[in-house]
Amino acid sequence: MMASRAVLEVKKVSKAYEKNDVLKEVTFAVKEGEITALVGPNGSGKTTLVRAVTGLVGFDGGEVTIMGAKAGSDNARSVTSVSLDNPVLYDDISALEHLEFSARINGLENWQARAKELLGVFGLLERQDDLPSSFSRGLRQKVAMSMALIRPHRLLILDEPFVGLDQKGKTSLILQIKEEAKSGVAVLVATHSEEFLSVANSMIGMLEGEAVYRGTPSKDQFNRLVG
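For what it's worth, numbering that gives the first Met the number 0 labels the leading residue of the sequence shown as 0, then goes sequentially.
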């Protein structure tokens, strides 16, 4: 059996804002079919790291590649799907139209069945024609995650996806993440949720810009870092 290859490779990535180091030579990889939890207290560098990996911010040193392509390049973006914390949605198109937009802009023409499936998974079928301006944070989060899941991808990155979700929503998302990994997708989830550790295969622990833990998910390490 062939070993899984790394989809995301982060090598000695550093980033500073006004001489304050927010990332300090961070190194890790996420392989095909692997679910990695990225944990740490507020201000540890998790969000900056996620944004560097997705090409939303630059970094001062090191390298990030996705399927061998430089982070932020067209090739890297074409295989990466992202749902960030506090998602920005369009308040003049419906939940269903958001999924259509995400699918079509990424070249997926036969999107309707998958859209209905995702809306059903997240309990949004009755709200599919509603505008996000009327949605709670949890509902907006569900729409954003559905948009991330509907487009083709080999790497899925979720930033604090459980914030605002009720238990049913959390359970639905966890099941979807497991299905993603089962299909060979590499999954990176930045989270404060200890519950997620039982789902993850590996854990990266961040503290003051450094990856101070890399290994098997550990509740003891999680509690030391997050409290």
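Heads up, the beta-carbon is just placed ideally off N, CA and C, and yes, glycines get one too.
Keep in mind it's a predicted model, so treat the numbers as computed, not measured.
For residue i, three-class secondary structure by DSSP
i: M0; result: Because M0 sits at a pLDDT of 46, beneath the cut-off of 50, its placement in the model cannot be relied upon, and the following sentence gives the value as read from the coordinates. Three-state DSSP puts M0 in coil, outside helix and strand.
i: A147; result: helix
i: N200; result: coil
i: L55; result: coil
i: V81; result: strand
i: G122; result: coil
C-alpha gap between residue i and residue j, whole angstroms
i: N85; j: Q140; result: 8 Å
i: T190; j: I149; result: 22 Å
i: G122; j: N19; result: 43 Å
i: K167; j: E17; result: 42 Å
i: P151; j: V25; result: 28 Å
i: I34; j: F100; result: 27 Å
i: T47; j: S132; result: 28 Å
i: V12; j: D128; result: 43 Å
i: L83; j: A147; result: 10 Å
i: R103; j: K181; result: 25 Å
Buried versus exposed, by CB contacts within 10 Å (16 or more), residue i
i: I173; result: buried
i: T170; result: exposed
i: D165; result: exposed
i: S197; result: exposed
i: S145; result: buried
i: V29; result: buried
Unbroken beta strand (DSSP E) run spanning residue i, endpoints
i: T26; result: N19 to K30
i: S13; result: A5 to Y16
i: T64; result: G60 to I65
i: D129; result: Per DSSP, D129 belongs to no beta strand (DSSP E) and is neither H nor E.
i: E193; result: Where E193 is concerned, there is no enclosing beta strand (DSSP E), given that its DSSP letter is neither H nor E.
6 Å Cβ shell around residue i - same chain, five flanking residues per side excluded
i: M192; result: The question names Met, but residue 192 is Ser in the sequence shown. Excluding sequence neighbours, S192 sits near F161.
i: V56; result: R50
i: L155; result: S80, E179, V184 and V186
i: Y212; result: G204 and Q220
i: G44; result: V21, L22, M205 and G208
Segment limits, alpha helix (DSSP H) that includes residue i
i: I176; result: Q166 to K181
Same chain, Cβ closer than 8 Å to residue i, neighbours up to 5 away in sequence not counted
i: P216; result: A36, L196, S197, A199, N200, S201 and M202
7 Å CB neighbourhood of residue i in its chain, flanking five on each side removed
i: M0; result: Below a pLDDT of 50, predicted positions are generally treated as unreliable, and M0, at 46, falls in that range; the measurement from the model is reported next regardless. For M0, where only same-chain residues beyond five positions count, there are no Cβ hits under 7 Å.
i: L124; result: L118
i: D219; result: none
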